[in-house]
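Engineer: Below is the structure I would like to discuss, written out as structure tokens.
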Amino acid sequence: MVKLARRAAGISPSPTLAIDAQAKAMKARGIQVINFSAGEPDFDTPEHIKQAAIDALKAGFTRYTPVAGIPELRQAVCDSLKNRGLSYEPADIVISCGAKHSLYNAMQVLLNEGDEVILSAPYWVSYYEQIKLAGGVPVVVNTDATTDCKLTPAALKAVLTPRTKLLILNSPCNPTGVVYSRNELEALAEVVLAHGLMVISDEIYAALLYDGLTHTSIAALGPEIKERTILIDGVSKTYAMTGWRIGYAAAPRPIATAMTDLQSHSTSNPTSIAQKAAVAALTGSQEAVEAMRCEFEQRRNRILAGLRELPGVECSQPGGAFYVFPYIGKLFGRRFHDQVLASSTDVATVLLNEYQVAVVPGIAFGADPYLRLSYATSMTQIEVGLERLKAFIGELQ
């Protein structure tokens with residue numbers, strides 16, 4: 001038998017991608033699945049972005065590029081980040097094969113064996129696995145509705161040890177949609193600086209904000225915290241470009257250099273034509289971005305209202321991203337036919353198999369009494385999905 005390396009044996013597959021794949025396989029068999037699991041916009045990539053890729057192909061731009069990305073894309077990232085009050089040079093930017101790849105590179109160059117990484121739950125599923133792959137130790141801080149599912153300075157201080165190396169922040173957050181205010185980030189930054197921590201700030205949903213909220217990057221709070229922050233973003237969510245696989249990191253120069261060196265031995269450069277498309281995305285018209293954001297806000301309002309009408313379901317209002325994260329703990333212990341529902345996995349399994357509604361169980365995000373639903377789908381699908389959820393709860397005893 002082949003004996004896998006310990007790092008391989010310890011990897012858990014992404015539950016979000018697994019459920020999405022199962023839902024798509026059911027659809028391929030002709031089953032009418034309402035898919036709330038996928039974290040990707042259902043809109044098409046804007047035409048001017050696709051045209052830039054076509055033009056790059058026709059021009060023969062199909063060869064290797066610099067490992068960290070073509071100069072015009074790195075400059076476009078710098079120009080884009082100025083809108084967040086941030087000043088970077090192209091040498092501080094590393095373009096990778098999606099924001100997930102950027103996160104992986106960052107953790108690989110930052111973490112030594114046994115380094116502790118603070119992660120507030122609910123958290124995005126891949127953070128936990130990437131920490132382990134880098135030899136780090138995830139230290140999970142549970143949050144709840146009393147703090148709006150946000151990490152507080154007191155909770156952060158309570159888990160610090162001499163081995164604490166890194167804090168991961170995600171605002172707007174996947175899966176909760178919560179958005180940290182400037183004051184909240186300033187309070188966390190004080191703790192980070194006082195204890196010499198590093199920060200990974202995942203800002204992939206920064207353009208998707210609702211209710212008049214504005215985005216603040218922790219790196220924009222001052223030069224000291226900027227020198228301790230690796231900012232992660234990309235074009236996937238903002239421009240409906242999930243399949244193009246372009247993400248980036250903006251980091252202190254030594255870290256950016258290390259991430260580039262690491263990438264040179266793994267993927268080399270991201271896809272050449274996708275980089276040209278990303279330049280068009282960042283430098284071209286942003287009208288499509290605003291149109292998508294407005295549509296997401298309407299969808300959020302509808303799915304939120306529908307969930308709050310369901311007996312035993314509670315749901316806070318997300319300020320960004322395109323997810324709702326309803327609390328379903330009051331459904332635990334109830335019976336669906338002969339089965340007692342004891343976990344979010346039980347609920348998600350019944351919903352998919354019996355009602356053809358795909359959701360992600362909260363346990364995948366470190367928060368079992370919840371479900372994550374993505375409203376990056378049509379209003380029609382949302383309406384049908386809500387009716388099926390209502391039917392499911394109506395069957396419980």
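Per the UniProt record's numbering, the sequence shown starts with residue 1, numbered consecutively. All residues carry an ideal CB built from backbone N, CA and C; glycine is no exception.
1. Does S272 come out as helix, strand or coil in the three-state DSSP assignment?
2. Kindly list the residues whose CB is nearer than 6 Å to the CB of P175, restricted to its own chain and excluding five residues on each side of it in sequence; keep chain order.
3. For M379, name the three-state secondary structure that DSSP assigns.
4. Cα-Cα, which of P254, I93, E224 and F332 is closest to S66?
5. State the Cα-Cα distance for the pair L341 and P311, rounded to the nearest angstrom.
6. Around the Cβ of Y64, are there at least 16 other Cβ atoms within 10 angstroms (buried) or fewer (exposed)?
7. With DSSP collapsed to three states, give me the class of R300.
8. Write down every uninterrupted run of the beta strand (DSSP E) in the segment 211 to 284 whose length is 3 residues or greater and which is fully enclosed by it, in chain order.
9. Using only CA atoms, which one of V77, S181 and W124 lies nearest to L231?
10. Would you mind stating whether A207 and P41 have Cβ atoms separated by less than 8 Å?
11. Could you say which of M379, R163 and R308 lies nearest to F43 if we only look at CA atoms?
12. From this set, I19, A258, E295 and R388, which residue's C-alpha is nearest G306's C-alpha?
13. Taking the C-alpha atoms as reference points, what is the distance between I34 and Q381?
14. Could you compute how far the alpha carbon of P172 sits from the alpha carbon of M1?
15. Could you pull the start and end residues of the beta strand (DSSP E) that D202 belongs to?
16. Kindly examine the ligand NAD and report whether one of its heavy atoms sits closer than 7 Å to the Cβ of Q381.
17. In this structure, does DSSP put A358 in helix, strand or coil?
18. Return yes when the Cβ of L386 is within less than 8 Å of the Cβ of L331, no when it is not.
19. Using the Cα positions of G243 and Y205, report the straight-line distance between them to the nearest angstrom.
20. Hey, could you find the ends of the alpha helix (DSSP H) V33 is sitting in?
21. By a C-beta neighbour count over all protein chains shown, 10 Å radius and 16 as the cutoff for buried, is F74 buried or exposed?
22. Based on the DSSP output, what are the partners of S120 in its beta bridges?
23. DSSP state of Y64, grouped into three classes?
24. Am I right that G98 and R245 are in contact with their C-beta atoms under 8 Å? What's the rounded C-beta distance?
25. Hey, which unbroken runs of the alpha helix (DSSP H) at 4 residues or more fall wholly within the segment 148 to 186?
26. Classify D79: buried if its beta carbon has 16 or more other beta carbons within 10 angstroms, exposed otherwise.
27. Contact defined as beta carbons within less than 8 Å: I believe P361 pairs with S344. What is the distance between those atoms, to the nearest angstrom?
28. Using the rule of at least 16 other Cβ atoms within 10 Å of the residue's Cβ for burial, across every protein chain shown, is T164 buried or exposed?
Structural biologist: This is what the structure holds:
1. helix
2. P122, Y323, F325, F365 and R372
3. helix
4. Here the sequence assigns Pro to residue 66, which means Ser is not the residue at that position. Cα-wise, what sits closest to P66 is I93.
5. 15 Å
6. exposed
7. helix
8. 229 to 234 and 247 to 250
9. V77
10. no
11. M379
12. R388
13. 6 Å
14. 45 Å
15. M198 to D202
16. Inclusion of the ligand NAD in the displayed structure is not the case, the ligand content being empty and no account of it being possible.
17. strand
18. no
19. 16 Å
20. V33 -> no alpha helix (DSSP H), and no H or E assigned at all.
21. As written in the sequence, residue 74 is Arg, which differs from the Phe given in the question. Classification of R74: buried, given that the 10 Å Cβ count is 16 or more.
22. V141
23. coil
24. 4 Å
25. 153 to 158
26. exposed
27. 4 Å
28. buried
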